[in-house]
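Take a look at the structure set out below.
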Amino acid sequence: MKIKIKKISHKIIIFNTMGILFCTLLIGIVTWIFIINEYVVEENNELDNIANGVTETLGKVSAYDISDFYQTLEFGDKDEILISMKYPDGHIVKLGDSNISYKDIPENNWVFKKRYALHFKEKNVNNIEFTFIRKYSYDRAIKTTRIIFYLFILLAVSIIIISYYMTKNILKPVTYIIKESEKINAKNLNIKLPKIRDDEIGDLIDVINNLFSKMHEILLNQKNFSSNVSHELKTPVAIMKGYLDILKWGRDDPVLLNEALENIETEIINIEKLITNLLFLSQAEKLKTLNEKIEICLLLTKLKNDYQLLKTDKKLIISCSNTVIYGNQNLISEALRGIIDNSIKYSDGKEIYITVEETDTFIKILIRDFGTHISNEDIKKIFDRHYRTERQDTKSTRGLGLGLSIIKEIIELHNAKIELINRDDGLDTEIYFNKQI
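To convert, note that position 153 of the sequence shown is 153 in full-length UniProt numbering; the numbers rise steadily by one, no gaps.
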């Protein structure tokens, strides 16, 4: 069964420990091989020195006195060395460790047993064949290996402990972010995580905060969209329902029938416009990314030509030079069209002047009409959603409540501002765009 490691801390501890232990083990093996090689070379040289010294001495002693004479010799590791001397007449003398038999004599320089290793040398002095066999016990190697093993275990435990505390310290901010993020839900998405560090963890916190902010804005847009739909549809639906009630008892009256049908058709058109406006509001976030080059004079000229085709009795007078702003041309066009529509609606057929002025820091579009005033109190609230106002001396309600709100939102999407200013003879609408350098 495949084991899955879920926590990052466990992964870091395991892989960190395995990596360091692997490197340590590799270094240990290489070091061990190097030491063994040096040890073998050293033992070869030592056995050569012993063999040279002993053969020179023993070669001068008769076979009958050799055993007694050997007892008087002193040299290193004498108790672990077997010396075999074969004389020309075939007589063989064995000196030293009697536990080593001739069967142990290897064909090569070394042979390895369960508990010891054997190393041998052959020399011929005065026609006497000398065979030296040295026995090496594994006890020393076992003790050394045991010490290395214990050190390896101690190193592994130390690495695990150090890795644990290092990982805990490194991942502590991540654990904090997880716990704090779990406290945030749809009701408090506007809460921001405190930026506790200025490294990559701090960058992660910034990303998470931006994500929560966008989610909060999306939820607000959805909430506002639902609220706008329910609020704005009540009036036209109620009006149509009223006219339908009238039709029930006045269907035989042609005048009343036509009036009811015309008003129902008007409300349906108003609902279509309302839905278009609501869609503009709900897609505001998407529209923020658009940045097109707009030649404002060409755009105004196109709008003027459109109005000449549709409303030949309305006269637009445009004064501008070759001026460029940046944004979404369709939205800017809709905003200007909405302002011009309002000016036409309340100007009683009088001229409407549109002027574009350019300074070092901003571009101003002035739309001047000679219609009725808006009260100063209404000007303060006229851009609020759902707020309705009447221009003085007229009973017409200005827009559906969302029209000017959308116009202002479109303007603000382009980092611009819009103002309404009453004059003695009419109303000015001023739009200020920051000039890009």
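C-beta atoms are modelled at their ideal positions from N, C-alpha and C, and glycine is treated no differently. If you're wondering where the values come from, they're calculated on a predicted model, not measured in any experiment.
When you compare the CB positions of residue i and residue j, do they come within less than 8 Å of one another, or not?
i      : j      : result
Glu295 : Val324 : yes
Asn185 : His216 : no
Ile374 : Ile382 : yes
Leu336 : Leu303 : yes
Asp369 : Gly327 : no
Leu95  : Tyr70  : yes
Ile205 : Leu193 : yes
Leu300 : Ile354 : yes
Ser163 : Ile35  : no
Ile264 : Met240 : yes
Thr372 : Lys435 : no
Val54  : Ile83  : yes
Ile159 : Thr17  : yes
Ile418 : Ile406 : no
Ala156 : Leu21  : yes
Gly250 : Leu257 : yes
Ile317 : Ser343 : no
Ile339 : Thr276 : no
Mapping DSSP to helix, strand and coil, what is residue i?
i      : result
Asp428 : strand
Ile50  : helix
Leu73  : coil
Thr397 : Because Thr397 sits at a pLDDT of 41, beneath the cut-off of 50, its placement in the model cannot be relied upon, and the point is left open.
Ile421 : strand
His119 : strand
Ser375 : coil
Arg197 : coil
Thr131 : strand
Ser319 : strand
Thr355 : strand
Arg146 : helix
Ile382 : coil
Lys94  : strand
Gln392 : Since pLDDT at Gln392 reaches only 48, below the 50 mark, its modelled position is unreliable, and no value is offered.
Lys304 : helix
Asp348 : coil
Lys86  : strand
Gly19  : helix
Asn45  : helix
Val324 : strand
Asp369 : strand
Evaluate residue i with the Cβ neighbour count: other Cβ atoms within 10 Å of its Cβ, from every protein chain shown; 16 or more gives buried, anything less gives exposed.
i           : result
Phe149      : exposed
Leu73       : exposed
Thr359      : exposed
Phe130      : buried
Arg134      : buried
Cys23       : exposed
His414      : buried
Tyr432      : buried
residue 440 : Because residue 440 is not part of the residues shown, which for the chain are 1 to 437, the question remains open.
Phe132      : buried
Asn291      : exposed
Thr144      : exposed
Ser346      : One detail in the question is off: residue 346 reads as Tyr in this sequence, not Ser. With 16 or more Cβ atoms within 10 Å of its Cβ, Tyr346 is classed as buried.
Glu56       : exposed
Leu404      : buried
Glu409      : buried
Ile92       : exposed
Leu58       : buried
Ser396      : With a pLDDT of 45 at Ser396, under the threshold of 50, the modelled position of this residue cannot be trusted; read the value that follows with caution. Result: exposed.
Leu154      : exposed
Shortest alpha-carbon distance to residue i belongs to which of the options?
i           : options                        : result
Val207      : Ser230, Leu233, Ser226, Ile177 : Ile177
Asn376      : Glu262, Asp306, Arg423         : Arg423
Thr266      : Tyr243, Leu279, Ile92, Gly250  : Tyr243
residue 439 : Ile411, Ile50, Tyr87, Glu56    : Since the first and last residues shown for the chain are 1 and 437, residue 439 lies out of range.
Ser319      : Ile365, Thr31, Glu334          : Ile365
Met85       : Ile160, Gly19, Ser321, Asn124  : Asn124
Glu334      : Glu56, Asn44, Pro236, Asp306   : Asp306
Glu272      : Val237, Asn258, Ile332         : Val237
Leu233      : Ala260, Leu274, Lys195, Pro254 : Leu274
Thr167      : Ile421, Phe15, Gln329, Gly338  : Phe15
Ile81       : Ile339, Gly28, Glu43, Tyr87    : Glu43
Asp199      : Asp384, Lys223, Ile170, Lys248 : Ile170
Asp48       : Glu122, Ala416, Lys380, Asp139 : Glu122
Ile147      : Asp384, Gly28, Ile332, Lys214  : Gly28
Ile411      : Ile332, Lys60, Gly90           : Ile332
Ser62       : Asn209, Asp139, Tyr87          : Tyr87
Asn127      : Ala416, Phe152, Val255, Gly90  : Gly90
Ile379      : Ile421, Ser67, Ala416          : Ile421
Please determine whether the Cβ atom of residue i lies at a distance below 7 Å from any heavy atom of the ligand NAP.
i      : result
Gly242 : No copy of the ligand NAP occurs in the structure displayed, which carries no ligand at all.
At the 8 Å Cβ level, is residue i part of the contact set with chain B, yes or no?
i     : result
Glu56 : Among the chains in the structure shown there is no chain B, since it carries only a single protein chain.
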